[in-house]
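Just below is one structure, and these are the notes that go with it.
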Amino acid sequence: MTDKVSTQVTAESEEPSGWQASLWSDAWRELRHDAIFVVAAAVVLLFVTMAAFPRLFTGADPRSCDLSRSLAGPSSEHWFGFDLLGCDYYARVVYGARASITIGITVTVAALAIAVLLGSLAGYYGGVLDAVIARFTDIVFGLPFILGAIVVLTVFETRGLPQVSFVLAILGWTTMTRLVRSSVLSARDNDYVLAAKALGAGDLRILWRHILPNAMAPVIVYATIYVGIVIAAEATLSFLGVGLQLPAISWGLMISDAQFRIAAAPHLLLFPGLFLSLTVLSFILMGDALRDALDPKLR
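For the sequence shown, our numbering assigns the number 342 to the initial residue and increments by one for each residue that follows.
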């Protein structure tokens, strides 16, 4: 009789893993036939590859300039023309993907790590710990994202990738923390969690093996969209002069330099703006498609 009960409890504790695998496999099956997701994922893959391996897309040096070609327009040899200093603009747009996408992914991963830690503790243990984390989250959430980043970044004398990523990460974890907390709260009292506790599993094992795998779907959806939000935020900060500084190359800096020459050289704004918009839009569309695929109610 004891063996039978133990077998039943074990089966119940293992059930969510199979259910979660089925959820993701069903979602992947649907996503493969979603034209919007496929196109958005292809664009994201293209830009990530561009950021990681820019020499696959151009052999020109983005810092090699010739003033005699200043503000020259696009041509068959130089597709995007030249900037004010006579630098090949196509090469600069390609290399600009590295800073923008690196910051987007780095900030999202860091914010996700903070959110999983704090949200899991708050949702699983509740009580005083939940109240303290919730109030701290509310305080940070009350700081306007862009305005807070502007204020904090002005403290730094030099603003490169580490500084901008750090500031955006410490200001951008709040929404994901709330998502993790609510997902953990809804999962912690399920039968498979109680079964795992009955078998003597520790809190860390229960969180890692049973609760988080079944609570991460909405967080992953938001994190995908959030990459695009961070990339847009970095471009905004660089445009305002409080983000990345020269000699860094980023789409935001290029758009900032182009704002005073739109009439004389519209290509300076067109190409980095187009690449930035496509990247942000692709991450948002991927997130929307993931949400639809992972939520059975929306199918």
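Where a beta carbon is used, it is the ideal one built from N, C-alpha and C, also for glycine.
Report the option in the options whose CA atom is closest to the CA atom of residue i.
i: I603; options: A463, I455, G414; result: G414
i: W420; options: V505, T515, L386, L611; result: L611
i: R632; options: V560, S417, D530; result: V560
i: L425; options: G614, Q600, I511, A475; result: Q600
i: V571; options: M391, E498, A452, V469; result: A452
i: I446; options: M391, Q504, Y567; result: Y567
i: L619; options: V385, S366, I444; result: V385
i: V435; options: L387, V473, D598; result: L387
i: S579; options: I444, S366, S416; result: I444
i: I590; options: S417, L502, A383, R396; result: L502
Using C-beta distances below 7 Å, list every residue in its chain close to residue i, excluding the 5 sequence neighbours before and after it, in chain order.
i: R522; result: G460, A463, G464
i: A368; result: A634, L635
i: V389; result: I442
i: W592; result: G437, S441, A576, P613, F616, L617
i: F423; result: R410, S411, L412, A413, D429, Y430
i: G427; result: C406, D407, L408, S409, R410, S411
i: V448; result: S506, L509, A510, G513, V571
i: D402; result: A432
i: R550; result: none
i: F482; result: T515
i: I474; result: L459, L462, A463
Is residue i buried or exposed, if buried means 16 or more other CB atoms sit within 10 Å of its CB?
i: F378; result: buried
i: W514; result: buried
i: R433; result: buried
i: S527; result: exposed
i: R529; result: buried
i: I480; result: exposed
i: G628; result: buried
i: F394; result: exposed
i: R476; result: exposed
i: A574; result: buried
i: A536; result: buried
i: T343; result: In this prediction, T343 has a pLDDT of 40, which is less than 50 and means its spatial position is unreliable; what the coordinates show is noted afterwards. Under this definition T343 is an exposed residue.
i: S417; result: exposed
i: A454; result: exposed
To which residues of the same chain is residue i closer than 6 Å at the C-beta, ignoring the five residues directly before and after it?
i: A456; result: W514, M517, T518, V521
i: L622; result: none
i: R439; result: A392
i: I625; result: I566, G569
i: A556; result: S524, V525, A528
i: D471; result: A463
i: G489; result: L512
i: T478; result: T515, T518
i: F398; result: M391, V435
i: A558; result: L635
Among the residues of its own chain, which have a CB less than 8 Å from the CB of residue i, if the five just before and after it don't count?
i: A630; result: L372, D375, I377, F378, A381
i: R500; result: L494, V583, G584, L585, Q586
i: A352; result: Bear in mind that the predicted position of A352 carries a pLDDT of just 42, short of 50, making it unreliable; the figure below should be weighed with that in mind. So no residue of the chain qualifies.
i: V562; result: G628, L631, R632, L635
i: I491; result: L578, L581, V583
i: A605; result: L412
i: Q504; result: L494, F497
i: H608; result: G414, P415, F421, G422, Y430
Grouping DSSP H, G and I as helix and E and B as strand, with all else coil, what is residue i?
i: A630; result: helix
i: T620; result: helix
i: E356; result: Residue confidence is low: E356 scores 47 on pLDDT, short of 50, so the model does not pin down where it sits. Its coordinate-derived value is still stated next. Correct three-state label for E356: helix.
Would residue i count as contacting chain C if we go by Cβ distances under 8 Å?
i: L631; result: This model lacks chain C altogether; it includes just one protein chain.
Write down every uninterrupted run of the alpha helix (DSSP H) in the segment 566 to 612 whose length is 4 residues or greater and which is fully enclosed by it, in chain order. 592 to 599
Inside the segment 412 to 489 only - beta strand (DSSP E) runs reaching at least 3 residues: none
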